[in-house]
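A quick write-up on the structure given underneath.
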Amino acid sequence: TFEVMYWNNRMPRFFTSIDDYTILFDAYDSDEDTTLQKSKTQCYGSVYPTWTMSNAFEPDLDPTQFSFIMNRAKVRAFAELKQAANQEAASETRTQKIRLQKQKRRTPDRTEFDKIPKYGRT
143 TFEVMYWNNR MPRFFTSIDD YTILFDAYDS DEDTTLQKSK TQCYGSVYPT
193 WTMSNAFEPD LDPTQFSFIM NRAKVRAFAE LKQAANQEAA SETRTQKIRL
243 QKQKRRTPDR TEFDKIPKYG RT
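Residue 143 is where the sequence shown starts when you use our numbering, and the numbers rise one by one after that.
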């Protein structure tokens, strides 16, 4: 056990994880609830899937990412086997990578106002 300093008069702004299962927040509003409630908490995070080197393994990807992985593999295989670049597959891979990077941080049901920085204001 350890001692944690926290605020009890404002909404949380920062968090950390000790063991990847327990999340500690820097504050909670005691006027609202006695503890943080699961139903009133919205979090965003990344979970990395496990990778198995076997023939039956199928990666856990979005459908939009499969074509990117396939074209990336074509570019690599063509370069290794033919010792030349496959320009068509390379340009398609670049286009798909740009499209995926534009969409990777999108969250549903957020307005443009919610996306601007708050600079510490609640």
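Ideal placement from N, C-alpha and C gives every residue a C-beta, glycine not left out.
Nothing here was measured: the structure is a model prediction, and the numbers come from that model.
Proximity of T192 and R214 at Cβ, strictly below 7 Å: For this step, residue 192 is matched to residue 50 along the sequence shown. For this step, residue 214 is matched to residue 72 along the sequence shown. No.
Contacting residues, own chain, Cβ-Cβ under 8 Å from A227 (five flanking each side not counted): Taking the first residue of the sequence shown as 1, we reach residue 227 at position 85. Answer for A227: V217, F220, A221, listed in chain order.
4 or more residues per run - each alpha helix (DSSP H) lying fully within the stretch 151-198: none
Own chain residues within Cβ distance below 7 Å of S209, not counting five before or after: Here residue 209 corresponds to residue number 67 of the sequence shown, with the count starting at 1. Excluding positions up to five away in sequence, the list reads Q238.
7 Å Cβ cutoff met for F156 and I165: Here residue 156 is taken as the residue at index 14 of the sequence shown, counted from 1. Here residue 165 is taken as the residue at index 23 of the sequence shown, counted from 1. It is not a contact, given that the beta carbons lie outside the stated cut-off.
Boundaries (first-last residue) of the alpha helix (DSSP H) holding K260: The count along the sequence shown starts at 1 and reaches residue 260 at position 118. K260 -> no alpha helix (DSSP H), and no H or E assigned at all.
Whole-number beta carbon distance between M153 and D129, since they are thought to touch under 8 Å: Only positions 143 to 264 of the chain appear in the structure, and residue 129 is not among them; the question remains open.
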